[in-house]
Amino acid sequence: MRIVEVVRAGKKPFKRAYVGIFLWFTGRAIQAAATVDEQVRQEFASLPDDFTFSLGVLPDGPWMLIGKEKGRVKYLGGNPDGKHLHVRLAMKNIETAFLILSFQESTALATARNRLITEGEVPQALAMIRVMDIVEVYLLPKIIARLAVKRYPSWTFGRKVFGRIGIYTRALLGI
Amino acid sequence: MNPDSIFTFTCPVKTNSGNKALENLPIELSSLNAGKPLIVTNIGKVGRTAIRTLTGAFGDSGMTLGVFDGLADKVDPALIEQLRTTFIEEKYDSIIALGGGTIVDSAKVLNLAVSMKTADVQSLSAQTSIRKSLLPLVVVPTADATGLETSQLADLNGTILSSEYLAPGLVVIDPRLTRGKDGKTICATGLAALGLALDAHIGAEKNPFRKAYSVAAIHFIKENLPVAVRNPDDKKATLAVINAAAMSGCAFSIADAAPLHKLGQVFQEVHNIHPGIIMGMCLPHILGDYLNQGRNDLSSLLHPLTGDDEFTQTPEAQRARAAVAVLNYFTADLYSALGKDMPQTLKEAGVPPYVMEDILEVLDADQNGVYLHTVVERIQDKTPVAERKG
Numbered sequence: 002m003r004i005v006e007v008v009r010a011g012k013k014p015f016k017r018a019y020v021g022i023f024l025w026f027t028g029r030a031i032q033a034a035a036t037v038d039e040q041v042r043q044e045f046a047s048l049p050d051d052f053t054f055s056l057g058v059l060p061d062g063p064w065m066l067i068g069k070e071k072g073r074v075k076y077l078g079g080n081p082d083g084k085h086l087h088v089r090l091a092m093k094n095i096e097t098a099f100l101i102l103s104f105q106e107s108t109a110l111a112t113a114r115n116r117l118i119t120e121g122e123v124p125q126a127l128a129m130i131r132v133m134d135i136v137e138v139y140l141l142p143k144i145i146a147r148l149a150v151k152r153y154p155s156w157t158f159g160r161k162v163f164g165r166i167g168i169y170t171r172a173l174l175g176i
Numbered sequence: 020m021n022p023d024s025i026f027t028f029t030c031p032v033k034t035n036s037g038n039k040a041l042e043n044l045p046i047e048l049s050s051l052n053a054g055k056p057l058i059v060t061n062i063g064k065v066g067r068t069a070i071r072t073l074t075g076a077f078g079d080s081g082m083t084l085g086v087f088d089g090l091a092d093k094v095d096p097a098l099i100e101q102l103r104t105t106f107i108e109e110k111y112d113s114i115i116a117l118g119g120g121t122i123v124d125s126a127k128v129l130n131l132a133v134s135m136k137t138a139d140v141q142s143l144s145a146q147t148s149i150r151k152s153l154l155p156l157v158v159v160p161t162a163d164a165t166g167l168e169t170s171q172l173a174d175l176n177g178t179i180l181s182s183e184y185l186a187p188g189l190v191v192i193d194p195r196l197t198r199g200k201d202g203k204t205i206c207a208t209g210l211a212a213l214g215l216a217l218d219a220h221i222g223a224e225k226n227p228f229r230k231a232y233s234v235a236a237i238h239f240i241k242e243n244l245p246v247a248v249r250n251p252d253d254k255k256a257t258l259a260v261i262n263a264a265a266m267s268g269c270a271f272s273i274a275d276a277a278p279l280h281k282l283g284q285v286f287q288e289v290h291n292i293h294p295g296i297i298m299g300m301c302l303p304h305i306l307g308d309y310l311n312q313g314r315n316d317l318s319s320l321l322h323p324l325t326g327d328d329e330f331t332q333t334p335e336a337q338r339a340r341a342a343v344a345v346l347n348y349f350t351a352d353l354y355s356a357l358g359k360d361m362p363q364t365l366k367e368a369g370v371p372p373y374v375m376e377d378i379l380e381v382l383d384a385d386q387n388g389v390y391l392h393t394v395v396e397r398i399q400d401k402t403p404v405a406e407r408k409g
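Those sequence lines, one after another, are chains A and B.
171 is the number that our numbering gives to position 170 of the first sequence; each next residue is one higher, with no gaps.
392 is the number that our numbering gives to position 373 of the second sequence; each next residue is one higher, with no gaps.
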């Protein structure tokens, strides 16, 4: 007599798609911000020449990879297999990723709640979090970005508007 | 407390608590080298929604789970042996107990049976030597808990198995599962946790580590149980009560020397009544006896119950009496809030005379039987606790 029901873990396609698209666009936006924004450029300048960073969801992604190649910051796609990573920032599950990336929880709060796993040098991981905070401020309207970052910065009108135009254009074109 | 005194303390339980805590299960299991868990529960006690919430939390993990929702109200050795066979044949590698009380006792006994290759569950006894780690056991408590889920004890229908390896490696407390279906359920859970924490706090086996857990548990219960009883749907309050239950289980260790626990356990075994209901009835009587006899360090209870201000303002000689008064007022307030829903005497609880005979027979066999017998006589049909308020 079979007394135990076998259940296969279900899928969460909507949340997975949302997180995948968010990471894809953020990756391209970080590449663009490294060209457009001076502060982001300086953060990357302090990192090693072959620096590679990934942000994603355990156990099976989606992932986003950012790396430095010949001094340029590039979005390296979503497949971390076989790549040497200096820093890996992993969200523990897709629900956590959705909470963070839909701005229901800030990165700082999620870290305090032990929702993220950081592998690699802490100063390098913190540099990448600062970069992502800057990119989120560019990409999102203030009312949403305030939920995502620890402190909303007071930038000049010019930096915000021209930076936003530059980053959106470059991210959409992939340059 | 003298820090030079000799003591040991072990708490192998990792706790994951809060919003979406269940979703951490796949990664927590993988850190325990487990990838194919067997979920055991009692659908009559936890409900279908709780099972669906738990299995849904594994979404996108790619894992395969076994779900058995037919556990009995008591630990059923024949059923455990059947589950043991399935566990081994289907190559499960860990156990998740969804619920509290006997559900977790069954899971602990099953873990023992599969880990120690014990085909005959009936052969397990208090003398069974458990000297090595068992398979990963995860407890996901619901509102209907007893506090003993996180303890190092397993109750096999009156036979108490004890080992640090019986304690779960992980307890996951998620507010989606801790909301009570009624005030009585969460009240019984809170009173059971309070009883265990009090036993640990003032018992002979107290030590600084045990006290750290018991102080936190008593404080959580005092602050949150009245809110949870009045609104069993309150996520924050019920989550705090279940956290307190988990802490009280970690603080508690010596079953024999704890009269509150013993009374709750015997009534649960013989009449299947929640131990918290019995512990709530007995609490004022036992604490009153301690106070009159000058036994146990009752004065140390005042601080977790009232906080810094009242503790420091109360003269040292009056702290024990003040602590008992606070606890009496606290329990009376809970009973007032629930009215007739929460029995205050054994008569109201519907314990029939023939069952009472069985219960008294079991209690008389206990080393502390004479005293326990007198406590039971006092709660049979006497002044309800709520009338003592104020």
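Here a beta-carbon is modelled for each residue, glycine too, at the ideal position from N, C-alpha and C.
Beta-bridge partners of residue i, as assigned by DSSP
i	result
A/I118	A/A91
A/P63	DSSP, once it has assigned bridges, lists no residue as partnering A/P63.
A/F54	A/I67 and A/V88
A/Y76	A/I67
A/V8	B/L84
B/L116	For the sequence presented, residue 116 of chain B should be read as Ala rather than Leu. In DSSP, B/A116 forms a bridge with B/V59 and B/V158.
B/T325	Answer by DSSP bridge pairing: none, since B/T325 is not bridged.
B/N130	In DSSP, B/N130 forms no bridge with anything.
B/V190	B/T34 and B/V158
B/A173	B/L180
B/G89	B/N61
C-alpha distance - residue i paired with residue j, whole-angstrom precision
i	j	result
B/H238	B/A247	14 Å
B/L129	B/D92	15 Å
B/Y111	B/M266	29 Å
A/S47	A/A18	33 Å
B/G409	B/G166	Low per-residue confidence applies at B/G409: pLDDT is 44, beneath 50, and the placement is therefore not dependable enough to give any value.
A/L117	A/T108	9 Å
B/F28	B/C269	10 Å
A/S55	B/A132	43 Å
A/M2	B/S80	Confidence at A/M2 is low in this model, with a pLDDT of 46, below 50, so the placement of that residue is unreliable and no value is reported for it.
B/G188	B/N262	16 Å
A/V136	A/T27	8 Å
B/V260	B/H280	18 Å
A/L59	B/V190	21 Å
B/R150	A/A35	58 Å
B/A465	A/D50	The question about residue 465 of chain B has no answer, for chain B in this structure spans 20 to 409.
B/V374	B/L217	28 Å
A/G78	A/A113	28 Å
B/R314	B/D253	38 Å
A/V5	B/T104	11 Å
B/L382	B/V395	9 Å
A/R165	A/L141	9 Å
A/Y153	A/V41	16 Å
B/F26	B/R229	10 Å
B/A368	B/A162	20 Å
A/R160	A/P14	37 Å
Nearest-angstrom beta carbon gap, residue j and residue i [assumed within contact, 8 Å]
i	j	result
A/M31	A/V132	The residue you asked about is not Met; residue 31 of chain A is Ile in the sequence shown. Rounded, the Cβ-Cβ distance is 6 Å, consistent with contact.
B/L391	B/D385	6 Å
B/L90	B/S125	5 Å
B/A164	B/G120	7 Å
Interface flag, residue i vs chain C, CB-CB below 8 Å
i	result
A/G21	Within the model displayed, chain C is absent; protein chains A and B are what it includes.
Residue i CB to nearest heavy atom of the ligand ZN below 7 Å
i	result
A/E70	The ligand ZN is not part of this structure, which contains no ligands at all.
### Message
Under 7 Å, CB to CB, which of the residues in the stretch 48-82 of chain A have a partner in chain B?
### Response
L59, P60 and D61
### Task
State whether the stretch 39-54 of chain B contacts the stretch 90-110 of chain B, with contact taken as three or more CB pairs (one from each stretch) at a distance under 8 Å.
no
### Task
Check distances from the C-beta atoms of the stretch 68-93 of chain B to those of chain A and list, in chain order, the residues that come in under 9 Å.
T74, G75, A76, F77, G78, D79, S80, G81, M82, T83, L84, G85, V86, F87, D88 and G89
### Task
For the stretch 142-152 of chain B and the stretch 180-197 of chain B, state whether three or more C-beta atom pairs, one from each stretch, are separated by less than 8 Å.
yes
### Query
Three or more C-beta pairs closer than 8 Å, one from the stretch 197-205 of chain B and one from the stretch 271-290 of chain B: is that the case here?
no
### Touch test, the stretch 327-336 of chain B against the stretch 352-371 of chain B, Cβ-Cβ under 8 Å, three pairs minimum
no
### Where the stretch 38-70 of chain B meets chain A: residues whose CB sits under 7 Å from a CB there
K39, E42, N43, P45, I46 and L57
### Query
Do the stretch 332-340 of chain B and the stretch 288-295 of chain B meet, that is, are 3 or more Cβ pairs less than 8 Å apart?
no
### Query
Is it a yes or a no for the stretch 346-358 of chain B touching the stretch 296-309 of chain B, going by three-plus beta-carbon pairs under 8 Å?
yes
### Near-chain A residues of the stretch 109-120 of chain B - C-beta to any C-beta below 9 Å
E109 and Y111
### Query
Using a Cβ cut-off of 8 Å, which residues of the stretch 87-101 of chain A contact any Cβ in chain B, in chain order?
K93, N94, I95, E96, T97 and L100
### Task
Mind checking the stretch 317-335 of chain B against chain A and listing, in chain order, the residues whose C-beta falls within less than 9 Å of any C-beta there?
none
### Task
Taking a Cβ distance cut-off of 9 Å, strictly less, list which residues of the stretch 93-106 of chain B are near chain A, in chain order.
L98, Q101, L102, T105 and F106
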